[in-house]
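To convert, note that position 350 of the sequence shown is 402 in this note's numbering; the numbers rise steadily by one, no gaps.
To start, the structure under review is shown below, and the notes come after it.
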Amino acid sequence: MVESDTLTCLRNSGFSAYLCGFSAIDSLLGRETGSNVHILTNADTADLARLFDTLRFPGIDLADAALDSEKCTWCFHCTDSEKTAGQSEQGTPFPAESRSPSFSLLEFYQDCLTRTFFDPRGIYPLLSEFRKGNNRESAGATEVLSGCLNPGVERNRAVMDAALILARYFPLDRETERRIMQITGLFGNLREGRSPGIEEQRLLLTGLLTSHNPCLGFELLKSCGFIGKFWPELAVLDDVDHSKEFHPEGNVWNHTMETFRYRKAGFRSIHDLRLSLGLLLHDAGKPIAESAGSRRFDGHAELGEFRARNFLERLGFGSAIVKDVCYLVRNHMLPAALPRLPLFRTGEIMASPLFPVLMELYRCDESSSFKGLDGYYESSAAYQSFLKNRRNPYRSADGKKLNRVQISAMIR
Numbered sequence: 053m054v055e056s057d058t059l060t061c062l063r064n065s066g067f068s069a070y071l072c073g074f075s076a077i078d079s080l081l082g083r084e085t086g087s088n089v090h091i092l093t094n095a096d097t098a099d100l101a102r103l104f105d106t107l108r109f110p111g112i113d114l115a116d117a118a119l120d121s122e123k124c125t126w127c128f129h130c131t132d133s134e135k136t137a138g139q140s141e142q143g144t145p146f147p148a149e150s151r152s153p154s155f156s157l158l159e160f161y162q163d164c165l166t167r168t169f170f171d172p173r174g175i176y177p178l179l180s181e182f183r184k185g186n187n188r189e190s191a192g193a194t195e196v197l198s199g200c201l202n203p204g205v206e207r208n209r210a211v212m213d214a215a216l217i218l219a220r221y222f223p224l225d226r227e228t229e230r231r232i233m234q235i236t237g238l239f240g241n242l243r244e245g246r247s248p249g250i251e252e253q254r255l256l257l258t259g260l261l262t263s264h265n266p267c268l269g270f271e272l273l274k275s276c277g278f279i280g281k282f283w284p285e286l287a288v289l290d291d292v293d294h295s296k297e298f299h300p301e302g303n304v305w306n307h308t309m310e311t312f313r314y315r316k317a318g319f320r321s322i323h324d325l326r327l328s329l330g331l332l333l334h335d336a337g338k339p340i341a342e343s344a345g346s347r348r349f350d351g352h353a354e355l356g357e358f359r360a361r362n363f364l365e366r367l368g369f370g371s372a373i374v375k376d377v378c379y380l381v382r383n384h385m386l387p388a389a390l391p392r393l394p395l396f397r398t399g400e401i402m403a404s405p406l407f408p409v410l411m412e413l414y415r416c417d418e419s420s421s422f423k424g425l426d427g428y429y430e431s432s433a434a435y436q437s438f439l440k441n442r443r444n445p446y447r448s449a450d451g452k453k454l455n456r457v458q459i460s461a462m463i464r
């Protein structure tokens with residue numbers, strides 16, 4: 053359950069605070085609410101501005117106001133305090149939202165004080181299935197999304213929310229993937245509406261990549277034309293073929309999507325954003341790489357770093373995460389050659405605190421191409437040997453014994 057000085061400040065000032073939409077659903081499922089926490093409150097923007105000096109206004113379609121803290125961004129949705137959406141089972145009224153969400157599935161709330169959930173649309177039975185981890189029938193995604201699509205919603209908004217719903221709450225199975233085209237058809241008669249801003253795109257991408265099954269969301273966005281229009285750096289991955297001998301999973305897009313299947317979730321089922329961005333962009337240089345001898349995509353790692361940096365900076369990611377992801381993309385080919393390369397080529401890279409993340413990227417990359425993990429285990433052994441030697445005062449980082457003069461020099 054989310055708790056912070058922000059919520060305490062709201063409550064102490066006499067205003068309500070409810071988790072809403074994805075944040076409330078994730079709280080019910082026992083998951084981290086992520087880097088963006090959505091709060092429904094009866095405070096208006098003037099009230100919020102008086103309470104929080106650093107309040108900003110990201111755009112009405114994203115939130116009425118936002119507050120950036122060290123751990124997350126609070127997205128405030130202001131409501132008419134005189135209207136109520138209904139009552140809880142205990143008879144407690146709760147306020148109605150000013151705007152209907154794109155899907156009634158997202159009309160779900162939790163009182164941040166009492167921790168009581170409010171379910172005006174009766175979607176709790178469906179959420180209970182998500183909480184139990186039950187696999188829905190293959191038609192489930194189509195049926196759920198078509199049955200709860202609110203009329204009048206703009207197409208871009210509906211597509212983005214549907215992508216997140218698929219990525220967060222539906223199982224990754226072949227039948228669900230085959231129904232992506234059916235789901236795409238749900239949005240055919242909707243008016244397109246405004247284009248999403250940079251922050252909306254960044255939050256969408258972050259939400260997808262920290263979800264259980266991002267490839268479902270990405271496939272929907274691609275099918276609906278969203279990726280081609282807003283993320284062309286990713287769209288071109290679908291135009292680059294792979295050798296079936298080395299990549300039987302398919303072209304660069306298919307390979308990239310396949311890597312997400314092998315990620316390991318962290319605390320409370322959250323996936324590491326740096327690793328996930330690294331997987332998404334590790335082959336971003338292949339569409340612009342040229343062949344050189346036996347190398348089909350010569351220099352694609354370096355080219356990929358350039359494209360990854362431009363893509364992430366365009367979406368407004370911070371400099372720290374841009375730097376980390378560029379390290380992963382630039383060096384993603386190195387782990388495969390680790391046992392054969394001299395230490396002067398690899399020592400500085402292995403000394404980075406990000407190297408374990410790079411090894412995870414290598415494991416997912418190898419697993420997705422069905423090569424087996426013998427190379428990964430061999431490289432892991434080389435890395436462990438490097439770490440062991442670094443801790444040994446009587447050996448150099450490459451494992452060679454040091455003489456007394458060398459040891460004395462190190463001590464000094």
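Ideal placement from N, C-alpha and C gives every residue a C-beta, glycine not left out.
Note that the structure is predicted; figures quoted are calculated from it, not measured.
- Beyond the five residues adjoining it in sequence on each side, Ser87 comes within less than 7 Å, by CB distance, of Cys124, Thr125, Thr258 in the same chain, given in chain order.
- Taking each of Leu327, Asn306, Ala287 in turn and checking the Cα distance to Ser295, the smallest one comes out for Asn306.
- When the five nearest sequence neighbours on each side are left out, the beta carbons in the same chain lying within less than 6 Å of the beta carbon of Gly356 are those of Ala336, Gly337, Val381, in order along the chain.
- Fully enclosed beta strand (DSSP E) runs of no fewer than 3 residues occupy 342 to 344, 347 to 350 of the region 340 to 384, in order along the chain.
- Taking Leu224 as reference, the option from Gly192, Leu255, Asp213, Leu242 with the minimal CA-CA separation is Gly192.
- For Arg173, the CB contacts under 6 Å within the same chain, skipping 5 residues up- and downstream, are Ser156, Glu159 in chain order.
- Here Phe422 carries a coil assignment [DSSP, helix/strand/coil].
- Under the criterion of beta carbons closer than 8 Å, Ser121 and Thr58 qualify as touching, at roughly 7 Å.
- Residue pairing by DSSP places Arg230 in no beta bridge whatsoever.
- Counting every other CB atom within 10 Å of its CB across the protein chains shown gives Tyr176 a total below 16, marking it as exposed.
- Residue pairing by DSSP puts Gly111 in a beta bridge opposite Ala115.
- Residue nearest to Phe74 within the set Gly204, Gly245, Gln253, Asp213 is Asp213 (criterion: CA-CA distance).
- Using a C-beta cut-off of 8 Å, the region 234 to 249 makes contact with the region 198 to 211, since at least three inter-stretch Cβ pairs fall below that distance.
- In this model, Leu367 and Ala360 are separated by some 11 Å (Cα to Cα).
- With a 10 Å radius around the Cβ and a threshold of 16 neighbouring Cβ atoms, Phe422 comes out exposed.
- Where Val89 is concerned, the enclosing beta strand (DSSP E) starts and stops at 88 to 93.
- Among the bridge pairs identified by DSSP, Leu71 is matched with Ile91, Gln162.
- For Leu201, the pairing in a beta bridge is given by DSSP as Phe155.
- If you look at Cys61, you'll find it in the alpha helix (DSSP H) that goes 57 to 64.
- In this structure, Leu413 is the residue among Tyr221, Leu413, Ala115 with its C-alpha nearest to the C-alpha of Arg315.
- Looking at the DSSP output, Trp126 sits in a beta bridge with Val89, Leu119.
- DSSP, reduced to helix, strand and coil, places Phe222 outside both helices and strands of the structure shown, so it counts as coil.
- Residue pairing for Phe170: DSSP places it in a beta bridge opposite Tyr161.
- Leu273 and Arg108 have their C-alpha atoms some 29 Å from each other.
- Secondary structure note for Thr97: its alpha helix (DSSP H) is the uninterrupted segment 97 to 103.
- For His334, there is no enclosing alpha helix (DSSP H), as DSSP marks it with neither H nor E.
- Taking all protein chains in view, the Cβ of Glu400 is surrounded by fewer than 16 other Cβ atoms within 10 Å, so the residue is classified as exposed.
- DSSP places Cys276 outside any alpha helix (DSSP H), giving it a letter other than H or E.
- A straight-line Cα-Cα distance of about 16 Å links Val374 and Ser404.
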